[in-house]
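FYI, the numbering for the sequence shown is 20 to 392, going by the numbering used here. Cβ atoms here follow ideal geometry from the backbone N, Cα and C, with glycine treated the same way. The block underneath contains the structure these notes are about, expressed in structure tokens.
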Amino acid sequence: MIEGKLGIIWTLDRICKWQCNYCCVDAFGVKIQDRNLQITSNRFNHTEKQPKSRQSQDIFRRAKQILQDQGLALTLTEKMKILDNLQGANIEIGFSGGDPLLVQDNFQVIRRASDLFGRSNIGLTVTGIGIKLGKVENYLEHIAQLEFTYDSPVDDDENHQQPGYNRTNLEGFGSIVDACKKEQVVTQALIPISNTNKDPNTVDLLYSTLRQSRVDKVYLMRTFPVGRGSHSQTDILQADDYRRVIQQYKQLQIQTSGPEVNVMCALRALYPDTDPDPCTFLRSTIDLTSTGDLIADAFAYGPTGEPLLPELVFGNLRKDKFADLISQDRLHRLADRIGENPGHCKVFAYLSNRSAGIDGFFTRTDPLYMDQS
Ligand code: SF4
């Protein structure tokens, strides 16, 4: 049952400088190679000759045009229409990508969202390249929270990111941390826990680096095998691994008074005494795709960035009002089922039980919690 304020993750654009193997939404990696502009994802490839005069920002502007022409990205007018259709809703919006900062128009979208829903209800997730090219300082007075990923202290961890990804994210953050403090924007580093960053020395180094960088919070996450990560061979971590890593981060916070440690919904049922059913699926969160579809969850994506199942799509906000989409019977029939597998992450439950179709989201098949069922 949907209760109170709803958190929307809006994948505002899927344009990115990077082309990580492990991308939840199959973002479009944009780069120059051999004097050609290349746009690459699992779903889409485009190569064209690069004019000599084109600058870094122009590369992303051209990529935006190509993707819009193909119907793979929204225009500014369409994004503004979505905001119109969201008006009046009790929501907070986390804008993510790709990197929203690489599409200049997005400034107008985020400023308008801030005017409509209040600055305190707006967050933004970026990369270091977007910070460098996208004039992030203009956004700060319109947002309450800024997030970036920093999940490896070494620059050649190719487990799921590309070399340079973590380093440039941290450098980008370092260049604006003073401005964030001045504008009272809360900053948060996202740390998907994986086999390559779970050992105690790495945890120590990650946390102390972020403490020295003056980030306000860290957010410990599961690594989701969705989007481009669907075919990942990465070993699944066990419950004891997660508990040990989480414990170490919390201990470091106490010992050093460093960044506040928070744990995502899909891990919190490891502590059933304090949080027996932390999954927010269709209870207090929902997702908006880069083409305007309203879907059930921010991680419910397939290998080419499509929703995992058609039943998870509730309509498109380019043409429908949010109030109408959110009050549909079929959405509420799904929302009414969330208590069938309390604690289990609905996405992991489905990924482990795909043959059950939509019912798989509500079975007790999240591997992390099978023993607790
Ligand atoms: S389905 Fe998983 S990721 Fe989504 S809200 Fe539930 S626990 Fe969190």
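Just curious, the beta strand (DSSP E) that residue 52 is in, first and last residue? Note, residue 52: beta strand (DSSP E), 47–52.
What are the boundary residues of the alpha helix (DSSP H) that includes residue 275? 258–275
Given this structure, state the Cα-to-Cα distance separating residue 51 from residue 133, to the nearest angstrom. 34 Å
Residue 24: CB within 6 Å of a non-hydrogen atom of the ligand SF4: no
Measure the Cβ-Cβ separation of residue 35 and residue 26 and say whether it is below 7 Å. no
Under 7 Å between C-beta atoms of residue 332 and residue 312: yes
Apart from the five residues on each side of it in sequence, which residues of its chain come closer than 7 Å, Cβ to Cβ, to residue 267? Cβ neighbours of residue 267 beyond the five flanking positions: 219, 222.
What beta strand (DSSP E) runs, 3 residues minimum, are completely inside the segment 70–141? 110–115
From residue 352 to residue 285, what distance separates their C-alpha atoms? Computed Cα separation, rounded: 22 Å.
Could you spell out where the beta strand (DSSP E) holding residue 167 opens and where it closes? 164–168
Less than 8 Å between the CB atoms is what I'm expecting for residue 318 and residue 43, so what's the real figure, rounded? 6 Å
Run through the segment 219–251 for me and flag every whole alpha helix (DSSP H) of 4 or more residues, listed as ranges in chain order. 219–231
Rounded C-alpha distance that separates residue 225 from residue 338: 44 Å
Within 8 Å, do at least three Cβ pairs link the segment 339–346 to the segment 133–142? no
In angstroms, rounded to a whole number, what distance separates the CA positions of residue 372 and residue 382? C-alpha separation (whole angstroms): 8 Å.
Span of the alpha helix (DSSP H), counted from its first residue to its last, around residue 351: 348–354
From residue 256 to residue 212, what distance separates their C-alpha atoms? 9 Å
Nearest-angstrom Cα distance between residue 154 and residue 194? 12 Å
So what does DSSP say about residue 215, is it helix, strand or coil? In the structure shown, residue 215 adopts coil according to DSSP, grouped into three states.
Less than 7 Å between the beta carbons of residue 143 and residue 114, yes or no? yes
Name the DSSP beta bridge partners of residue 300, please? Answer is 304.
Does the Cβ of residue 299 lie closer than 6 Å to at least one heavy atom of the ligand SF4? yes
Could you have a look at residue 255 and say whether DSSP puts it in helix, strand or coil? coil
Could you tell me if the beta carbon of residue 318 falls within a distance shorter than 6 Å of some heavy atom in the ligand SF4? Because some heavy atom of the ligand SF4 lies under 6 Å away, the Cβ of residue 318 counts as near it: yes.
The ligand SF4 and residue 98: does the residue's C-beta get closer than 6 Å to at least one heavy atom of that ligand? no
For residue 58, collect the residues of the same chain with a Cβ closer than 6 Å to its Cβ; drop the 5 residues on either side in sequence, then sort them by chain order. 47, 49, 65, 82
Residue 265 burial status per 10 Å Cβ neighbour count (16 or more: buried): buried
Is residue 239 closer than 7 Å to residue 173 when the C-beta atoms are compared? Taking 7 Å as the Cβ cut-off, residue 173 and residue 239 do not qualify as a contacting pair.
Taking buried to mean at least 16 other C-beta atoms within 10 Å of its own C-beta, is residue 309 buried or exposed? buried
Please determine whether the Cβ atom of residue 364 lies at a distance below 6 Å from any heavy atom of the ligand SF4. yes
Taking 7 Å as the threshold (C-beta atoms), are residue 108 and residue 341 in contact? yes
Does any CB atom of chain C fall closer than 7 Å to the CB of residue 60? Given the protein chain composition of this structure (a single chain), no chain C is represented.
Compute the Euclidean distance between the alpha carbons of residue 315 and residue 110, then round it to the nearest angstrom. 15 Å
Quick check on the burial criterion: 16 or more other C-beta atoms within 10 angstroms. Buried or exposed for residue 214? exposed
In DSSP terms, what residue 332 is bridged to: DSSP lists 314 as partners of residue 332.
Spatial neighbours of residue 217 within its chain, please: CB distance less than 7 Å, with the 5 preceding and 5 following residues excluded, ordered by chain position. 256, 260, 264
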